[in-house]
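Chemist: What follows is a structure written as structure tokens; I'll ask about it next.
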Amino acid sequence: MQKKFEKQINGLYIDPAIFTQPFVKACDVCICSGECCYYGVYTDKGESDIIMSAKDKIIAHMDDSQIKEPEKWFEAPEVDTDFPSGIAVGTEVYNGKCVFLDKQGFCTLQKMAVLENEYKWKYKPLYCILFPLVIFEGAITFDDEHLVRMHYCNKSENQNSTIFDCTKNELRHLLGESGFQELLNYKTEFLSNSHNEETNIEAA
Ligand code: SF4
Ligand code: SF4
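Heads up, the working numbering is the position in the sequence shown plus 1, with the first residue counted as 1.
Here's what the structure looks like:
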């Protein structure tokens with residue numbers, strides 16, 4: 002793994018750009034229709050296996066815009082070392098959206114977990130939970146290539162927060178509470194150093 006950033010937490014480097022990158026305060030699929038899900042997502046092989054093990058329940062929660070044939074839900078597996086198993090499996094796109102996105106813009110995997118009183122992210126792939134964060138070459142950073150396609154959260158007039166502030170719960174999920182506290186401390190240190198550097202440049 003190549004060292005690109007200074008800070009590492011739980012084995013993952015931290016791209017400090019997540020602290021300052023403008024973003025919406027919160028996701029709202031009633032406004033964006035879940036458009037980040039229009040292109041599908043890469044899951045870990047283990048995650049796609051968990052999804053397939055719940056296929057009958059998932060089908061029961063799908064609507065008429067979704068394909069109810071599980072064998073058409075995933076692409077062929079491929080090698081990818083950013084995934085825990087070393088194998089990535091993409092979700093297929095059907096009707097112009099991920100096979101698991103319903104016509105109201107909700108992820109069926111999350112909707113099903115909530116309706117069945119289970120942990121809301123029990124079936125949801127990690128990369129879906131994290132977006133616009135992404136783990137790329139061993140670092141937590143953000144997916145600017147995919148983000149540029151968004152018509153709501155990527156518009157400056159809607160960006161009244163930062164990616165970090167919008168994704169605190171997701172970062173807690175990824176790093177655990179102690180890892181998240183370490184991240185908070187690093188954020189304070191990083192922003193303070195940046196401020197001091199700016200002050201020194203202005204004074205020079
Ligand atoms: S990341 Fe953007 S497109 Fe995706 S749910 Fe949030 S606001 Fe909507
Ligand atoms: S699995 Fe769910 S959250 Fe992930 S891209 Fe598909 S619809 Fe969106």
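Quick reminder that beta carbons are idealized off the backbone N, C-alpha and C, glycines included.
#1: With burial defined as no fewer than 16 other Cβ atoms inside 10 Å of the residue's Cβ, what is the status of Ile-32: buried or exposed?
#2: In the DSSP assignment, find the beta strand (DSSP E) that holds Phe-143 and state where it starts and stops.
#3: How would you call Leu-192, buried or exposed, if buried means at least 16 neighbouring beta carbons within 10 angstroms?
#4: Can you tell me whether DSSP reads Thr-109 as helix, strand or coil?
#5: Which of the three DSSP states, helix, strand or coil, is assigned to Pro-23?
#6: Could you name the residues of the same chain whose beta carbon sits closer than 8 Å to that of Ala-55, not counting the 5 residues immediately before and after it, in chain order?
#7: Determine whether the beta carbon atoms of Gly-91 and Glu-70 lie at a separation below 8 Å.
#8: So is Ser-179 buried or exposed if we call it buried at 16+ other beta carbons inside 10 Å?
#9: Below 8 Å between beta carbons: does that hold for Glu-48 and Leu-127?
#10: If you reduce the DSSP assignment to three classes, tell me which class Val-30 lands in.
#11: Ligand 1: which residues have Cβ under 6 Å from any of its heavy atoms, chain order?
#12: Three or more C-beta pairs under 8 Å: does that hold for the segment 101 to 112 against the segment 132 to 139?
#13: Looking only at DSSP bridge pairs, what is Thr-189 linked to?
#14: Report the start-end ranges of each beta strand (DSSP E) in the segment 52 to 128 that is 3 residues or longer and not cut off at the edges.
#15: Have a look at Ile-202 and His-147 and give me their C-alpha separation to the nearest angstrom.
#16: Of all the options Tyr-43, Ile-130, Asp-64, Ile-68, which has the alpha carbon lying nearest to the alpha carbon of Thr-82?
#17: Rounded to the nearest angstrom, what separates Asn-155 and Leu-131 at their Cα positions?
#18: Could you spell out where the alpha helix (DSSP H) holding Asp-16 opens and where it closes?
Modeler: Checking against the coordinates, here is how it stands:
#1: Indexing the sequence shown from 1 puts residue 32 at position 31. It counts as exposed.
#2: Locating residue 143 in the sequence shown gives position 142, where the first residue counts as 1. Looking at the DSSP string, the run of the beta strand (DSSP E) that includes Phe-143 is 140 to 143.
#3: Position 191 of the sequence shown holds residue 192. By the neighbour-count rule (16 or more Cβ atoms within 10 Å), Leu-192 is not buried but exposed.
#4: What you label residue 109 is simply residue 108 of the sequence shown in a count that begins at 1. Correct three-state label for Thr-109: helix.
#5: The residue you call residue 23 lines up with position 22 of the sequence shown. Of the three classes helix, strand and coil, the one that applies to Pro-23 here is strand, per DSSP.
#6: Here residue 55 is taken as the residue at index 54 of the sequence shown, counted from 1. Here the set comprises Met-113, Tyr-124.
#7: Counted from its first residue, the sequence shown places residue 91 at position 90. Counted from its first residue, the sequence shown places residue 70 at position 69. No, they are not a contact pair.
#8: By 1-based counting over the sequence shown, the position of residue 179 is 178. Its Cβ having fewer than 16 others within 10 Å, Ser-179 is exposed.
#9: Taking the first residue of the sequence shown as 1, we reach residue 48 at position 47. Taking the first residue of the sequence shown as 1, we reach residue 127 at position 126. Yes, the Cβ-Cβ distance between Glu-48 and Leu-127 is below 8 Å.
#10: By one-based count along the sequence shown, residue 30 stands at place 29. Of the three classes helix, strand and coil, the one that applies to Val-30 here is helix, per DSSP.
#11: Val-25, Cys-28, Val-30, Cys-33, Gly-35, Glu-36, Cys-37, Phe-132, Pro-133, Met-151, Tyr-153, Cys-154
#12: no
#13: By one-based count along the sequence shown, residue 189 stands at place 188. Answer is none; Thr-189 lacks a bridge partner.
#14: 88 to 91
#15: Within the sequence shown, numbered from 1, the residue matching residue 202 stands at position 201. Within the sequence shown, numbered from 1, the residue matching residue 147 stands at position 146. If you take the alpha carbons of Ile-202 and His-147, they lie about 34 Å apart.
#16: Position 81 of the sequence shown, counted from the start, is the residue given in the question as residue 82. The option with the nearest alpha carbon to Thr-82 is Tyr-43.
#17: The sequence position of residue 155 within the sequence shown is 154, counting from 1. The sequence position of residue 131 within the sequence shown is 130, counting from 1. One C-alpha to the other measures close to 16 Å.
#18: To locate residue 16, count along the sequence shown from 1; it is residue 15. Careful: Asp-16 lies outside any alpha helix (DSSP H) and carries neither H nor E.
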